[in-house]
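Step one of this worksheet: look at the structure below.
In this note's numbering, the protein residues as written are 72 to 308.
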């Protein structure tokens with residue numbers, strides 16, 4: 072979306088146009104009126120100033136307009152920032168969780184607050200869509216435990232994808248509205264995790280499309296639990 076120009080920018084452009092017109096008139100009539108030479112010299116200095124100012128403003132605009140990227144080295148830093156972002160979300164939060172251990176296995180208080188904040192967002196503000204990768208029995212059991220949250224919160228939607236036969240799992244991400252994304256990176260142990268925050272709408276849109284592709288191939292949580300319960304209750308052969 073193209074942002075409307077500020078009123079001060081429009082006035083500045085008008086003033087610059089008038090100034091350039093004055094410079095043109097001074098240059099055109101200076102042969103007829105030699106006294107205008109001094110005014111033209113001053114105008115040329117002012118023109119250089121205007122050009123330098125425009126270059127400076129453009130550089131600042133490029134620096135401020137580029138995507139912001141923040142790295143988090145620890146579990147605590149990552150989940151604390153993600154919790155704040157989810158709390159400030161307005162419409163929708165899309166999250167994936169592809170790890171070998173469920174969130175209940177994470178030891179930090181910040182991670183527990185983050186997962187509660189996601190549920191609170193669905194309960195109080197907007198829609199949450201969560202995709203969970205089933206990579207172990209522990210993850211499958213945690214998915215079963217999510218049924219109650221889904222039933223109590225109609226705006227909390229969960230689908231699962233079996234990743235046990237995949238050599239590479241998708242990345243865990245949190246997509247907030249249309250402009251913010253968190254990407255998590257697992258470390259050598261279950262408790263080590265870092266990540267990145269990206270404030271880049273085009274990059275977020277790309278991952279939103281990827282998320283929607285995964286969502287379409289996922290299994291609804293209720294269906295997954297039904298099949299798993301049937302398989303578990305079946306007598307051994």
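Glycine included, every Cβ here is placed at the ideal spot set by N, Cα and C.
Point to revise | Which of helix, strand or coil DSSP assigns to residue 187 | key: helix
Q: Check the C-beta distance from residue 315 over to residue 181 and give it rounded, since I have them as a contact under 8 Å.
A: Coverage of the chain is limited to positions 72 through 308, which leaves residue 315 absent and any answer about it impossible.
### Selection from 301, 273 and 279 that minimises the alpha carbon distance to residue 200
279
| Taking the Cβ atom as the reference point for each residue, do residue 291 and residue 235 lie within a distance shorter than 8 Å? | no
| request: Taking all protein chains shown into account, decide if residue 288 is buried (16 or more other Cβ within 10 angstroms of its Cβ) or exposed. | output: exposed
Exercise for review: Take residue 177 as the anchor and find which of 163, 191 and 209 has the nearest alpha-carbon.
Suggested key: 209
Measuring CA to CA, which of 301, 144, 281 and 295 is closest to residue 167?
-> 281
Exercise. Do you know offhand how far residue 308's Cα is from residue 296's?
Worked result: Confidence at residue 308 is low in this model, with a pLDDT of 41, below 50, so its placement is unreliable and the value that follows should be read with caution. Distance between the alpha carbons of residue 308 and residue 296 is about 22 Å.
- Any idea if residue 173 is buried or exposed, counting beta-carbon neighbours within 10 angstroms, 16 or more meaning buried? buried
Q: Rank 206, 144 and 161 by C-alpha distance to the C-alpha of residue 171 and give the top, closest one.
A: 206
Exercise for review: With residue 270 as the anchor, note down where its beta strand (DSSP E) starts and where it stops.
Suggested key: 264-270
**Prompt:** First and last residue of the beta strand (DSSP E) that includes residue 254?
**Reply:** 251-257
**Asked** Going by DSSP, which residues form a beta bridge with residue 243?
**Response** 255
message = I need the straight-line Cα distance from residue 293 to residue 275, nearest angstrom please.
response = 29 Å
**Asked** Residue range of the alpha helix (DSSP H) that residue 248 falls in?
**Response** That residue, residue 248, is in no alpha helix (DSSP H); it is neither H nor E in DSSP.
query = With C-beta atoms as the reference, is residue 268 less than 8 Å away from residue 224?
reply = no
Check your understanding: Helix, strand or coil for residue 180 per DSSP?
Key -> helix
Own chain residues within Cβ distance below 7 Å of residue 266, not counting five before or after:
143, 149, 253, 254, 255 and 256
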